[in-house]
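Report on the structure given below.
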Amino acid sequence: MGVTVAFRVGGYVSVSGNRKQKRGRIAVAERAVRPDEVAALAARLVDAPAAVCTTIDDDQERLDGRYGAVADEWPVVCPVADGPATCLLRSDASVVVDDTGADLRWGCCSVVVSGGVRALLGVPLRDYGGRIVGALYVVDTAPRRWNTEEVDAIARLAALADARPAPGPVAVPEAPPEAVAQHPFLAAVFDTLDVGVAACDTQGRLVLYNRALRELRGLPDAWSPVDGVAASLATNPLLDADGRPVTAAGTPLLRALRGEVVEQADLILSDPGRRVRIGSARAKPIYSAEGRCLGAVVACHDITDRRRAERFADCELQVAKALAEAPSVSAAAPAVLEAVARSLQWPHAELWLLDPTSEYLEAVAQWSAPALDLRVDLPAVTGPEGIVGSVWAGGRPLWVPDLLTSPYVATGEAAARTRECARQGLRTVLAVPLLDEGVVQGVLACFADTIEGSEDLLTTLLGTIAHQIGQFMARRRADELALDLARTKDQFLALVSHEMRTPLTAISTYTELILTDPDQECSPSHRLLLERVDRNTRSLRAIVNDLLDLAALESGRFTVRRDKIDLVGVVVESVGAAATAARTAGVEIRCELPDRVDLWADAVRLRQVLDNLVSNAVKYSPHGGEVVIRVRPEPDAVDLTVSDTGIGIPEAERARLFHRFYRTSTARNHGIPGTGLGLTIVRAIVEAHGGTIGIADTTGPGTTFDVRLPTTAPAETPD
């Protein structure tokens, strides 16, 4: 027994079915909406790549119509148990599958697996008794969440496309081509969709124009598709992505009618008094099973917010570049405002910053489109009045849907400014705070010349730019503070060093005179005290000298005088100076030296390097420890190492070891005195000679410092 697929439209019934029926029945069949067309319409309703119409007969499911490349893989006949129909029959309701890969019901379904189907929406087709005799499936090759509107739309379409056994030969009048479009129920189905949909017949006459598309185009609800494509363009012109007017023949719908498949064509939808919107259109011709063109259909999605977000991603890069190239936010403000306003496609923007002296908000820059002429000055904002003052006081974004109806045009110091903005045609305003640790440091305000929507999206996008500016201001203040602190510290070091050096020199000189003058008689206890004063004075003078060297290093005045010297002789002198301290600490100093190593260097400064490294090695070694000094000549260089068997340096702290005033945790924990300046100066001296210093990896206890110095003469020194 044949199964009839028909659209029931008003007083007409368009039928296709069993060709064994009477001749009059066959004539009506030629006007039917075929299963292929039903599948195509279902796919376009929910913007899916494919759809399938089937007939279910006992234990088999047979393919009646299909649309899309994915549907080409659908078997013509398959057992009900091997396809999605088994779920339809079991539940006696629609089947909604967001992801077949995550749904255990589809793991063994040959239809789904072989066709690469990842999402499926199936609704039953019923006979007069309500029995399921067919199915309408919409499928996708990627997981997707079918929303309630999509499920309802396909269910309503299935209710219109009856799959029922024909009750017998019935004489029915022929349905006119526009009958489907004029049916109020079908029109209501299309009006429930959020995507704009339009369709035309083979003559290019509009037979469908749903509510979403009318709203997107700015057409009134009373507008009728009978007016045609050209009439809609005359009312509200279309522009392409480059801003050129689109003719009727150039619309995606009529291009599709000529056989072209249009994919994701951006259209600018303009309507005076409304904000500019951007739509992405996809259009295809509609063919019958025999390949005859029946018309064309277009679906248009509102992508205004998506494109705006993409423009703001570019805007963030432009703002970052402007801030990076400018010495301050005020200097970068004009470029920042232009980038923001052009990304929003709004004609005016202002940047207000907090003056640290007056503690008022000052307008540091404003940008206006060429056609805009705001003739009112921007006085400083001193309190919570007006739009900018309200944001400053509240610390939260402010959205003003329409200046004309807002309270900001009535009273207050900023009212004149606001009225002038409204007079110039500015309507919607969005102002966001620039925050630094929760404190408002400024306000970014942007003005549109239309009444805008998308408050949440625009507030988020503009808030991102404000956060970017706020972070820059915070970093810049932190950098300036760090420079001020470094400058102050250097000045303090220089001041303290010079002020301490004079009295220390006097103390040291007089103490030495008393200790060495044979005419001065001191008791043993007094001499012991004077010797302690002398030792401590020498230690303090060494610290002062280190501070002076550090100040010279920081100021760029640190230099070395390079002469031809014998490095071995410098090492021997340094070891001799440290011998007493080593014997007292119970540490043995051992040297592995060649007879002589000549190099061009500053002997006084190299002695300073060796004294520091050797004294540290002795100081950090335990009683009975050993310090080894090795000098190994190499071609064009000499390698000097100082090793000890002391407490060592933690691996995690080695990178900071040469920072000024840094002392390792092991030194602090063992209570070993020091200033943290020696190694900083040592590295400066070595690098001034063109050499390097580092910590060598060792397997045993202790630390090994490795100094490498060039032996060749400097370019400016004659041989």
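Everything in the sequence shown is counted per my numbering, starting at 460 for the first residue and increasing by one.
Note that beta-carbon positions come from the ideal geometry of N, C-alpha and C, so glycine has one too.
Bounding residues of the beta strand (DSSP E) (the contiguous stretch that carries residue i)
i	result
P494	Where P494 is concerned, there is no enclosing beta strand (DSSP E), although the alpha helix (DSSP H) it sits in stretches over P494 to L504.
C981	Counting along the chain, C981 falls outside any beta strand (DSSP E), and DSSP gives it neither H nor E.
I1131	Where I1131 is concerned, there is no enclosing beta strand (DSSP E), given that its DSSP letter is neither H nor E.
D599	I591 to D599
G677	No beta strand (DSSP E) holds G677; DSSP gives it neither H nor E.
G524	Q519 to Y526
R585	A578 to R585
D895	V888 to D895
I515	A509 to D516
D761	C752 to D761
L837	Counting along the chain, L837 falls outside any beta strand (DSSP E), and DSSP gives it neither H nor E.
V539	Element bounds for V539: n/a, residue is neither H nor E.
Residue i versus the options, residue with shortest Cα-Cα distance
i	options	result
G524	Q883, D1156 and V497	V497
V1068	Y867, Y1079, L1138 and S817	L1138
F1117	I1088, S1102, G1084 and I1154	I1154
I1106	R946, E1051 and S1124	S1124
D699	I727, T706, A707 and L716	I727
R1020	L1007, V1063 and L616	V1063
A578	R736, R585, I591 and D557	D557
P1092	M932, E784 and L1058	L1058
C512	I613, A941 and E1146	I613
V648	D976, R503, L753 and V688	R503
C880	V823, P806, D895 and A646	P806
V823	L813, S817, A509 and Y867	L813
V1086	T961, A1040, A768 and D1054	A1040
R702	R876, V899 and D725	It is Gly, not Arg, that sits at residue 702 in the sequence shown. Of R876, V899 and D725, the residue nearest in Cα terms is D725.
D646	R670, R1167 and S739	The identity of residue 646 in the sequence shown is Ala, whereas the question assumes Asp. Nearest C-alpha to A646: R670.
L921	R934, N1004 and F906	F906
P508	T710, G750, D680 and A530	A530
V902	A791, R855 and A740	R855
H1148	T947, P1173, N995 and D551	P1173
Residue i, DSSP secondary structure in three states
i	result
I1152	strand
T1170	coil
G655	strand
S827	strand
I1106	coil
D1005	helix
F771	helix
W533	coil
W565	helix
L813	strand
L954	helix
T1162	coil
P635	Caution applies to P635, whose pLDDT of 42 falls short of 50 and renders its modelled position unreliable; the value that the coordinates give is listed next. Note: P635 maps to coil in three-state DSSP.
L782	helix
A689	helix
Y969	helix
H807	strand
E821	strand
T1100	strand
L885	coil
L1116	coil
8 Å contact criterion, which residue i and residue j should meet: CB distance rounded
i	j	result
V656	A758	5 Å
D993	S1033	In fact, because the Cβ distance is near 21 Å, the residues do not count as touching under 8 Å.
W858	L889	6 Å
D554	G593	The sequence as given places Val at residue 554; Asp does not occur at that position. Not confirmed; about 14 Å, so no contact.
Q519	V535	In fact, because the Cβ distance is near 11 Å, the residues do not count as touching under 8 Å.
V788	I928	6 Å
W811	V840	7 Å
A658	V721	No, A658 and V721 are not in contact; Cβ-Cβ is about 14 Å, not under 8 Å.
V799	C774	6 Å
L713	G663	6 Å
Start and end residues, alpha helix (DSSP H) containing residue i
i	result
C546	A544 to S550
F906	Element bounds for F906: not the alpha helix (DSSP H) but the beta strand (DSSP E), V898 to F906.
G1137	G1137 to A1147
A794	V788 to L803
G848	G845 to G853
L863	From DSSP, L863 is part of no alpha helix (DSSP H); its letter is neither H nor E.
Beta carbon proximity, residue i to chain C, threshold 9 Å
i	result
E821	Here there is only one protein chain, and chain C is not present.
_Completely contained alpha helix (DSSP H) runs for the region 693-747, where each covers 4 or more residues_ = Fully enclosed alpha helix (DSSP H) runs of 4 or longer: 711-716.
_Runs of 3 residues minimum, wholly inside the region 1016-1093: which ones carry the beta strand (DSSP E) assignment?_
DSSP runs (the beta strand (DSSP E)) wholly in the region 1016-1093: 1022-1025, 1047-1051, 1057-1060 and 1085-1093.
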